[in-house]
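Structure first, commentary second.
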Amino acid sequence: MDEKIKKFLYDINECIENITAFTKGYDLDSFAVDTRTKQAVERNFEIIGEAINNIRKYDPSISDQIRESNKIVGFRNQLIHGYDMISDPITWDIIKNKLPLLAEDISKFDIDV
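Numbering-wise (our numbering), the sequence shown opens with residue 550 and increments by one.
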């Protein structure tokens, strides 16, 4: 695997770990009122989306192995360009239900960098 791809996958994994740590012990209500945590989580989702977008450019066969990669990039684009339309319940749902699936997909790759 190309070293650039490994770096992107590593970054995704780091962001998953960050989001998980930032939101540990939270529920939707506590997340919704914690601006600092929301901004940190959103920044990590932006990085995840950009990394997946870069993987698609370099090696689409890798991004094809990541479930809902198009939706992940779309969420990144919404965070960047449609920030005023971001919904806390949707973000929370992604954290709780989609992030574990992404972690599972990323764990299948050898990403030691």
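Just so you know, even glycine gets a beta-carbon here, dropped at the ideal spot from N, CA and C.
Test item: CB-CB of residue i and residue j under 8 Å
i: residue 621; j: residue 604; result: no
i: residue 637; j: residue 589; result: no
i: residue 648; j: residue 568; result: yes
i: residue 554; j: residue 608; result: yes
i: residue 558; j: residue 660; result: yes
i: residue 525; j: residue 624; result: This structure cannot settle anything about residue 525, because the visible part of the chain is limited to 550 through 662.
Per-residue burial, residue i [other beta carbons within 10 Å of its own, 16 or more giving buried]
i: residue 584; result: exposed
i: residue 639; result: exposed
i: residue 616; result: exposed
i: residue 631; result: exposed
i: residue 650; result: exposed
i: residue 560; result: buried
i: residue 598; result: buried
i: residue 618; result: buried
*Quick one: any contact between the segment 562 to 575 and the segment 587 to 599, if contact means 3 or more CB pairs under 8 Å?*
With the cut-off at 8 Å, the segment 562 to 575 and the segment 587 to 599 touch.
*Taking only runs of the alpha helix (DSSP H) that begin and end inside the segment 624 to 657, which ones reach a length of at least 4 residues, in chain order?*
Taking only runs of at least 4 residues, the alpha helix (DSSP H) segments lying wholly in the segment 624 to 657 are 637 to 642, 648 to 655.
*Fully enclosed by the segment 590 to 614, which beta strand (DSSP E) runs are 3 residues long or longer?*
The DSSP assignment places no complete run of the beta strand (DSSP E) inside the segment 590 to 614 (cut-off: 3 residues).
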